[in-house]
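Q: No gaps in the numbering here: position 68 of the sequence shown is 76 in my numbering, and each next residue is one more.
Below is one structure. I have some questions about it.
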Amino acid sequence: MNDEERLREIMLALDDLAELARDRIVLVEGRKDARALRALGIEGEVFQIQGVGPLKAAEYVMENGGKAVILTDWDRKGGILASELEAQLSALGAEFDATVRARLSTLSKKYVKDVESLDSMVARLTSAGKQDVQ
9 MNDEERLREI
19 MLALDDLAEL
29 ARDRIVLVEG
39 RKDARALRAL
49 GIEGEVFQIQ
59 GVGPLKAAEY
69 VMENGGKAVI
79 LTDWDRKGGI
89 LASELEAQLS
99 ALGAEFDATV
109 RARLSTLSKK
119 YVKDVESLDS
129 MVARLTSAGK
139 QDVQ
């Protein structure tokens with residue numbers, strides 16, 4: 009997959025995330041992750057897990073609509089946290105999506121390992137594509 013195709017697939021995944029974020033809480037690890045999503049145009053509620061942990065995050069989701077998107081980093085720590093979130097959300101009967109995380113992980117692993125770097129990666133791929141056209 010070349011960079012142009014990769015960027016197109018990443019943008020499709022981000023479009024899906026934006027759609028999901030309309031009625032779900034997006035669970036991210038920290039403040040920089042939330043900032044990167046805003047820079048990418050993702051609106052809706054973003055909840056930062058750092059400092060409260062997976063159980064409190066799952067309880068928050070249940071108290072606020074019962075639907076979430078798990079978007080932790082795709083490094084080892086983020087994978088463990090995603091698994092813990094899935095377990096907690098399942099135990100409470102919450103509805104959640106982890107497919108966008110899986111797609112973004114696969115598409116961007118070559119470039120970045122975390123949510124906070126998504127906006128800069130998209131910018132880099134976009135500018136590289138513009139240079140190829142010139």
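Cβ coordinates follow ideal geometry from the N, Cα and C atoms, glycine included.
Predicted model only: the values in this text are computed from it and were never measured.
Taking 9 Å as the threshold (C-beta atoms), are Ile18 and Leu93 in contact?
A: Contact flag unset, no.
Q: If you draw a straight line from the C-alpha of Asp24 to the C-alpha of Lys64, how long is it?
A: C-alpha separation (whole angstroms): 26 Å.
Q: Since Asp105 sits in a beta bridge, which residues does DSSP pair it with?
A: For Asp105, which the question treats as bridged, DSSP gives the partners Val77.
Q: Excluding the 5 residues preceding and the 5 following Val141 in the sequence, name in chain order all residues of the same chain whose CB lies nearer than 7 Å to its CB.
A: Confidence is the limiting factor: at Val141 the pLDDT is only 42, short of 50, which leaves the residue's position unreliable and the question unanswerable from this model.
Q: May I ask you to report which of helix, strand or coil DSSP gives Ile33?
A: Residue state, collapsed to three classes: strand.
Q: Return the CA-CA distance between Ile78 and Asn72, expressed in angstroms with no decimal places.
A: Their Cα atoms are separated by approximately 15 Å.
Q: Distance, Cα to Cα, Arg109 vs Asp122?
A: Spanning the two alpha carbons is a distance of roughly 10 Å.
Q: Val54 lies in the beta strand (DSSP E); which residues open and close that run?
A: Segment 54-56, the beta strand (DSSP E) holding Val54.
Q: Helix, strand or coil for Ile50, going by three-state DSSP, please let me know.
A: Here Ile50 sits in coil by DSSP.
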